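To keep things clear, I will list the structure first and then write my remarks on it.
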Amino acid sequence: MRNILRGILITTVYYVVIYFIIIYAFKSFPAAGGPSEAVFIMFGLALLSVILLIYNLVKLIKGDWAQIYFIITHIIAMIIVFEIVSNH
């Protein structure tokens, strides 16, 4: 149980950090006069999130049922970050 709570906490912190990085990338977005590297930063963060989600899905398929909490947390955090960033 402690490992599950630790994993959920780490996932939450990860997505909070991603949120702040995405907000920074939007502020420096090319349309706002910022560098074009901001697009690659956002793409890289989205790709990393999907890779982590796939990794947890593979562990779930192999029989580690504790990963279901991480998968649910990832999906909820992805939706929340997308909604906040798209309305920002």
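In terms of the working numbering, the sequence shown is residues 1 to 88. By construction, the Cβ of each residue, glycine as well, lies at the ideal position given by its N, Cα and C atoms. Since the structure is predicted, the reported quantities are computational estimates derived from the model, not experimental observations.
Sequence-distant residues of the same chain with beta carbon closer than 7 Å to residue i, five excluded per side
| i | result |
| --- | --- |
| Tyr15 | Ala77 and Val81 |
Spatial distance of residue i from residue j (CA atoms)
| i | j | result |
| --- | --- | --- |
| Leu60 | Arg2 | 18 Å |
| Thr12 | Thr73 | 8 Å |
| Leu48 | Trp65 | 22 Å |
| Leu5 | Tyr69 | 9 Å |
| Tyr24 | Ile79 | 19 Å |
Nearest candidate by alpha-carbon position, reference residue i, set the options
| i | options | result |
| --- | --- | --- |
| Ile54 | Trp65, Ile71 and Ile23 | Ile71 |
Contacts around residue i, its chain only, beta-carbon distance under 8 Å, and the 5 residues preceding and following it disregarded
| i | result |
| --- | --- |
| Leu57 | Gln67 and Ile71 |
| Ile51 | none |
| Phe40 | none |
Neighbourhood of residue i by C-beta distance below 6 Å, restricted to the same chain and skipping five residues each side
| i | result |
| --- | --- |
| Val17 | none |
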